Amino acid sequence: MIVAALTAERDITQIPTISSERADAFFTLSAIMAGAFVLWALFEVVFRRSPILAFCLLGSVLCNLNEPIWDALGKLRFHEGNHIAWTQFPDFAQPVHYPYWAMFVYTGFGGVACFVFYKAFASRSWKIFGYAVLGQAVMNIVLEGFIITSAYDYYGEQPWRIGTDFPLWWVPVNYGEMLAGFLLCIAIRQWGVVKGGLTSIALVPCCFSAWQLWAGWPTYATINMDIHGAWRSLAALSGVCIAGASAYLMGRYLFGPLNTATATAAPVEQREREAVPA
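In terms of this note's numbering, the sequence shown opens at residue 419 and continues consecutively.
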């Protein structure tokens with residue numbers, strides 16, 4: 419009974435349709451949000467002489483090219499009526515009709531999230547890093563479970579579909595930006611703010627996809643197999659373990675053990691004040 423509740427199945431044959439008013443609202447609000455992030459990046463460049471957020475936003479654009487892969491494997495379908503940017507996997511029974519609002523949302527979900535995790539790692543504080551990890555989870559659940567959930571759904575048997583249509587197994591799988599922030603922190607420490615920051619253009623999309631496979635492959639595999647739902651729940655639990663252990667190892671590498679006192683400000687924070695060359 420518990421397994422059945424955690425692996426609720428959604429009908430694949432009927433694709434819901436959202437109203438034109440709601441589709442317009444998603445498009446407009448997400449575009450405004452993306453514009454605000456761009457203005458923030460410009461502020462960082464002009465007043466703080468830091469191009470890091472701008473580079474992260476550029477990388478977030480590239481995330482949209484591989485997001486449909488995980489939509490197809492994870493059985494996510496965008497509803498009819500969305501303003502569609504393009505269709506991917508047209509030969510599939512459930513092609514991915516990728517909407518414009520998803521592209522705009524990725525400026526925050528990919529670019530800004532990477533920047534926030536970079537700042538958390540650069541702080542060399544377990545406490546700040548913990549807040550970033552928790553904030554990512556809360557943002558993910560609120561955004562996908564309550565705000566934009568009416569524009570898409572997850573079909574088939576999905577583990578941990580609790581309270582909303584958003585299956586919670588996705589939460590630990592959506593931490594690719596944490597890996598990107600970790601590697602970006604190391605790159606900036608090694609090569610400086612400009613050269614190191616440039617790596618984020620590749621790090622954001624690459625780490626996004628790498629983490630999907632790293633933490634999500636057991637669940638991606640089992641939700642596409644004809645097996646008992648208990649195995650899917652076990653696979654989802656493995657994603658939590660993989661993500662949690664990985665977060666700890668990254669933190670330990672940069673901060674030291676959890677019981678170690680917080681170090682002084684990292685050189686990376688000092689180097690971020692370097693002027694951007696003309």
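C-beta atoms are modelled at their ideal positions from N, C-alpha and C, and glycine is treated no differently.
Source: prediction; values computed, not measured.
Straight-line gap, residue i to residue j (C-alpha atoms, nearest Å)
i    : j    : result
L457 : D644 : 48 Å
S468 : L561 : 28 Å
F507 : D489 : 10 Å
P636 : A449 : 34 Å
F465 : V612 : 16 Å
F547 : Y638 : 28 Å
V556 : F564 : 11 Å
G453 : N482 : 17 Å
T505 : G574 : 21 Å
I641 : I606 : 39 Å
A665 : L597 : 8 Å
A663 : A653 : 15 Å
R650 : I559 : 20 Å
G610 : T567 : 40 Å
I604 : L667 : 14 Å
L494 : T446 : 22 Å
Q608 : S541 : 16 Å
L480 : S438 : 28 Å
T525 : D583 : 23 Å
M451 : Y671 : 34 Å
P486 : F527 : 15 Å
F455 : M521 : 13 Å
Residue i in three-state terms, based on DSSP
i    : result
S438 : helix
P469 : coil
P675 : coil
Residues near residue i by beta carbon distance below 8 Å, same chain, minus five either side
i    : result
P434 : H497, E498 and D571
W544 : G669, F673, L676 and T680
A569 : I436, R440, A441, F444, F496, H497, N500, P517 and W519
F510 : A490
Cβ-based neighbour list, residue i, same chain, cut-off 6 Å, excluding 5 preceding and 5 following
i    : result
L618 : Note that residue 618 is Ser in the sequence shown here, rather than Leu. Closer than 6 Å at Cβ, skipping near neighbours: F473, C474, G477 and L602.
P590 : A633, G657, V658 and A661
L471 : A459, E462 and F533
G492 : none
G599 : C532, F535, Y536 and F539
S627 : N484
I502 : H515 and P517
Residues near residue i in its chain [Cβ-Cβ closer than 7 Å; skip 5 each side]
i    : result
V523 : S448
Q630 : W488, V591 and G594
P585 : Y572, Q576, P577, W578 and R579
G615 : P469, I470, F473 and I606
W587 : P577, W578, T637, A654 and G657
Open item on the list: Please give me, in chain order, every unbroken run of the alpha helix (DSSP H) with length at least 4 that falls completely inside the segment 477 to 512.
Closed with: none
Open item on the list: Three or more C-beta pairs under 8 Å: does that hold for the segment 483 to 498 against the segment 511 to 518?
Closed with: yes
TODO: Let me know the alpha helix (DSSP H) ranges lying completely inside the segment 525 to 612, each 4 residues or longer, listed in chain order.
DONE: 531 to 541, 544 to 560, 588 to 591 and 594 to 609
Task: the segment 526 to 538 touching the segment 614 to 634, judged by at least three CB pairs closer than 8 Å - done: yes
Task: the segment 573 to 581 contacting the segment 551 to 558, beta-carbon criterion three pairs below 8 Å - done: no
Open item on the list: Please give me, in chain order, every unbroken run of the alpha helix (DSSP H) with length at least 4 that falls completely inside the segment 640 to 675.
Closed with: 647 to 673
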